[in-house]
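Residue 132 in the UniProt record's numbering sits at position 132 of the sequence shown, and the numbers go up by one each step. Here the structure is laid out as structure tokens; the discussion comes afterwards.
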Amino acid sequence: MTGIKGYLVGDIPAQAAFTSEIIINGLPPLQDIVNQQDVQRKIMDTRPGMYLKYLPNLYDPVNGQLRSGGAYLFDTTQQASEYWDWTTNVFEVNNVKFWNQSMFRSTKRFVWEVIGATNFAPVDTHAVGRYQRWTYDGANVEKELQRIYPELKRKAEDQGAAAIWLLHSPGEKQIGIQLAFGKVEGADPEAVGHNSLARAVSQVSLDSIFPSYIKAQKIVDRTSLFLALWLPRSRLAGGIPQSHPMYPTLPAVQDV
């Protein structure tokens, strides 16, 4: 028993998403990061309409930078937009606006419309994420994304994904896909991490299904282990408020 409540397999009735792409200053210990995010979670995951957050963890293979961020689903576009505004203009950590913290070298944040979102497997199996973002140049893209979503959904499930979100930002002329995968089980935690990443990275990018006329240009393609999942629906249902699906490969919150 995982203690997660309030999440079902199947289509997710979320209208909006919020994503952040963060480069962390320096290389702080992951235990410190996971403990600090837990303190902030207790405030941040009470914002209206939040369904779930994936918190990724990736060391850049070229320059070693730690890349993190988050992928959130919200019930409505207004709630996602209000979360963007609240984290930008209101919420402070030690008297510093959240996104201006010294630990963040750079950040990018986006509010998205959800074309479709589905859990193929229980949330307690979501352990690895692949987040992709494209720009495009074309008309009627929302209708086209609605048309191809069933095919994207089938392909993602065929790849063994545990979840898919198809996202659209018409104002920024961007498309996003967030996939989740389960981890590859094993006795050695380090091998579990490597094998889990390798399986997700090996999957063919779903942009092969995009119509050529929209001229999609890939900007971001990151496959990461999840350091934590925020689970406000579970918390409200009397279950656990977050999970650490890659523990003991990655640390879990420690009481200090």
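All C-beta atoms, glycine included, are put in the ideal place defined by N, C-alpha and C. Just so it is clear, the structure is predicted and the values come from calculations on it, not from any experiment.
Asked, Found
"Check the C-beta distance from Leu166 over to Leu197 and give it rounded, since I have them as a contact under 8 Å.", "Not really, about 23 Å apart at Cβ, beyond 8 Å."
"Examine the Cβ distances between the region 197 to 212 and the region 94 to 105 and report whether three or more of them are shorter than 8 Å.", "no"
"Go ahead and pull the three-state DSSP assignment for Val111.", "strand"
"Using a threshold of 7 Å, state whether the C-beta atoms of Arg47 and Tyr7 are closer than that.", "no"
"Does DSSP put Met44 in a helix, in a strand, or in coil?", "helix"
"Spatial neighbours of Gly3 within its chain, please: C-beta separation below 7 Å, excluding the five flanking residues on both sides.", "Gly239 and Ile240"
"Going by the beta-carbon positions, is the gap between Gln217 and Thr135 smaller than 7 Å?", "yes"
"Can the beta-carbon of Lys215 be found closer than 7 Å to that of Asp137?", "yes"
"For Phe120, which of helix, strand or coil comes out of DSSP?", "coil"
"Which partner residues of Arg222 appear in the DSSP bridge assignment?", "Tyr131"
"Return helix, strand or coil for Met1, following the three-state DSSP convention.", "In this prediction, Met1 has a pLDDT of 43, which is less than 50 and means its spatial position is unreliable; what the coordinates show is noted afterwards. Correct three-state label for Met1: coil."
"Using the Cβ count rule (16 or more neighbours within 10 Å means buried), how would you classify Tyr131?", "buried"
"Given that a residue counts as buried once 16 or more other Cβ atoms are within 10 Å of its Cβ, and exposed if not, what is Leu236?", "exposed"
"Please state whether DSSP places Asn89 in a helix, a strand or coil.", "helix"
"In the DSSP assignment, find the alpha helix (DSSP H) that holds Gly193 and state where it starts and stops.", "Pro189 to Val201"
"Determine the extent of the beta strand (DSSP E) in which Leu167 is found, giving its start and end residues.", "Ala161 to Ser169"
"For a quick check, are the C-beta atoms of Phe110 and Thr19 less than 7 Å apart?", "yes"
"Among residues of its own chain, excluding the 5 on either side of Phe98, which ones have a beta-carbon nearer than 7 Å to its beta-carbon?", "Thr87, Phe91 and Glu92"
"Tell me the DSSP bridge mates of Arg147?", "Its beta-bridge partners do not exist; DSSP assigns none."
"Determine the DSSP secondary structure at Tyr83, reduced to helix, strand or coil.", "helix"
"DSSP has residue 258 in a bridge; who is on the other side?", "This structure does not reach residue 258, given that the chain is present from 1 up to 256, and the question cannot be answered."
"Check the C-beta distance from Lys183 over to Val128 and give it rounded, since I have them as a contact under 8 Å.", "6 Å"
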